[in-house]
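Protein chains: 2
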Amino acid sequence: MSYREKDTENEILEAAKKVFIEKGMAGARMQEIADEAGINKSLLHYYYRSKDKLFLAVFRFAVLQFLPGIQEMLTSNIPFDEKIRRFVYRYIDILLENPFVPMFIIQEIQRDPERLFNAFLEVGMRPAQIIQQFREASEKGEIKDINPEDILVNTLSLCIFPFAAQPLMQRLFCENDEQVYKEWLENRKKTVPEFIINAVKK
Amino acid sequence: MSYREKDTENEILEAAKKVFIEKGMAGARMQEIADEAGINKSLLHYYYRSKDKLFLAVFRFAVLQFLPGIQEMLTSNIPFDEKIRRFVYRYIDILLENPFVPMFIIQEIQRDPERLFNAFLEVGMRPAQIIQQFREASEKGEIKDINPEDILVNTLSLCIFPFAAQPLMQRLFCENDEQVYKEWLENRKKTVPEFIINAVKK
DNA sequence: GTCTATATTGTGATAGAC
DNA sequence: GTCTATCACAATATAGAC
Chain A
1 MSYREKDTEN EILEAAKKVF IEKGMAGARM QEIADEAGIN KSLLHYYYRS
51 KDKLFLAVFR FAVLQFLPGI QEMLTSNIPF DEKIRRFVYR YIDILLENPF
101 VPMFIIQEIQ RDPERLFNAF LEVGMRPAQI IQQFREASEK GEIKDINPED
151 ILVNTLSLCI FPFAAQPLMQ RLFCENDEQV YKEWLENRKK TVPEFIINAV
201 KK
Chain B
1 MSYREKDTEN EILEAAKKVF IEKGMAGARM QEIADEAGIN KSLLHYYYRS
51 KDKLFLAVFR FAVLQFLPGI QEMLTSNIPF DEKIRRFVYR YIDILLENPF
101 VPMFIIQEIQ RDPERLFNAF LEVGMRPAQI IQQFREASEK GEIKDINPED
151 ILVNTLSLCI FPFAAQPLMQ RLFCENDEQV YKEWLENRKK TVPEFIINAV
201 KK
């Protein structure tokens, strides 16, 4: 098969995503990635040369995956309420599929801020534009006079944190029943936007 | 000096707190803890036998440190608004002194849920009581008909997440000026309670 | 109790056969 | 491209002198 090489390379990347995103750079083991990919350890080096380079490929992917949702928030020209509803709905949807990605990014940025923040910019992140959107909503009188930074961070907090805290909260409130917790998270796609809108509307 | 032994044991624990809480179990190095404590590596084993046991001592401390604030929330019999204001103010205050502790707990619980959750219960955590308090506030008509679990998790999200995301947000919004970010966090002691109260009041 | 030296294991990386 | 075997070094842990 002429695409056999591509297949292996991709299986390695998929395995690396799973292990790195769940355990972080320090906690991940090359052996575990190889097992997950169903291949030998040395093939990892054949394709990616080092643990560090493989990690960076995963990190770039993780950042890329979570940018589109945020970018959509700033480009659309719909009213504030609707913007929040759409963003939260879509963002929690992505999170249900990839629960660990945002915390992985945050955790690893803390470990090596200089280098990893560059990967963040490389990929086209323009934070000032997002803030500007909220500022305009405030000036248009759609919402209260609240720091646009607060609205953005509060929104991200309410979306992301419940996923980060899942292992703990699930035990505390759901008798460790994953299905029950997932349904509660699903339900937040509707309750969180209303929570935010009530908090900031005039 | 008759308390010399106690001193060393305590200096080790302090050093271990600093390193483990910032880097996690997988990222921490016994050598770094020894350096931080200004002593030799083997003394760590003399006092705590293994990395695992030293880690567990730190984890127990971290959980204990963040329980009192949460417990206060459920014992006081003041009105809902005032309860939220006091809790958020105190909680962000503790976080300003210990920015990494909650994420440390969340991250490590995920790594080893069975064992570490026990440390959580050992220390007297009673989550059902907190939920009950919010349910009563709702029944008394103080607030909207919102899941008490949502109120608790939303409150924790708004307090904790901005600290977890600090290395990222500081770069995105504050040109990496730590002082500016700290002042913004300080300011949230007032804005976050109002955000929550507006969101849930009738 | 504290140190130096050393054992032991884990882990990323390379060499070389096929 | 893929495997087995092995290296080199890092990290936890222990032995033993003082």
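Chains as they are written, first to last, in the numbering used here: chain A, 1 to 202; chain B, 1 to 202. Glycine included, C-beta positions come from ideal geometry on N, C-alpha and C. Remember, predicted model here, so these are calculated numbers, not experimental data.
- Closest in alpha carbon position to residue 41/B, among 93/B, 12/B and 107/B, is 12/B.
- Nearest to residue 65/B by C-alpha distance, out of 75/B, 145/B, 197/B and 90/B, is 90/B.
- No Cβ-Cβ contact shorter than 7 Å links residue 58/B with residue 28/B.
- Close CB contacts of residue 174/B within its chain, under the 6 Å cut and outside five residues either way in sequence, are with 180 and 181 (chain order).
- The beta-carbon of residue 104/B is placed no less than 7 Å from the nearest beta-carbon of chain A.
- Residue burial is scored here from C-beta neighbours: residue 97/B has fewer than 16 other C-beta atoms within 10 angstroms and is therefore classed as exposed.
- A contact between stretches requires three or more CB pairs, one per stretch, nearer than 8 Å, and the stretch 183-200 of chain B fails this requirement with the stretch 25-39 of chain B.
- Looking only at 21/B, 6/B and 71/B, the smallest Cα-Cα distance to residue 111/A is reached by 21/B.
- If you look at residue 174/A, you'll find it isn't in any alpha helix (DSSP H); DSSP assigns it neither H nor E.
- Contact check for residue 103/B against residue 34/B fails: the beta carbons are separated by 7 Å or more.
- According to DSSP, residue 190/B shares a beta bridge with no other residue.
- Under the 7 Å criterion on CB atoms, residue 179/B is classed as non-interfacial with respect to chain A.
- Look at residue 143/B here: in three-state DSSP terms it is strand.
- Residue nearest to residue 170/B within the set 159/B, 141/B, 184/B and 157/B is 184/B (criterion: CA-CA distance).
- Between residue 139/A and the set 87/A, 80/A and 86/A, the nearest pair of CA atoms involves 80/A.
- Residue 74/A sits close to residue 130/A, with the two beta carbons spaced by under 7 Å.
- Along the stretch 148-163 of chain A, going in chain order, the ones with a CB nearer than 8 Å to a CB of chain B are 149, 150, 153, 154, 156, 157, 158, 160, 161 and 162.
- Closer than 7 Å to the CB of residue 110/A there is at least one CB belonging to chain B.
- For residue 78/A, no alpha helix (DSSP H) segment is defined, and its DSSP state is neither H nor E.
- Residue 148/B: member of the alpha helix (DSSP H) spanning 148-164, first to last residue.
- Under the 7 Å criterion on CB atoms, residue 171/A is classed as interfacial with respect to chain B.
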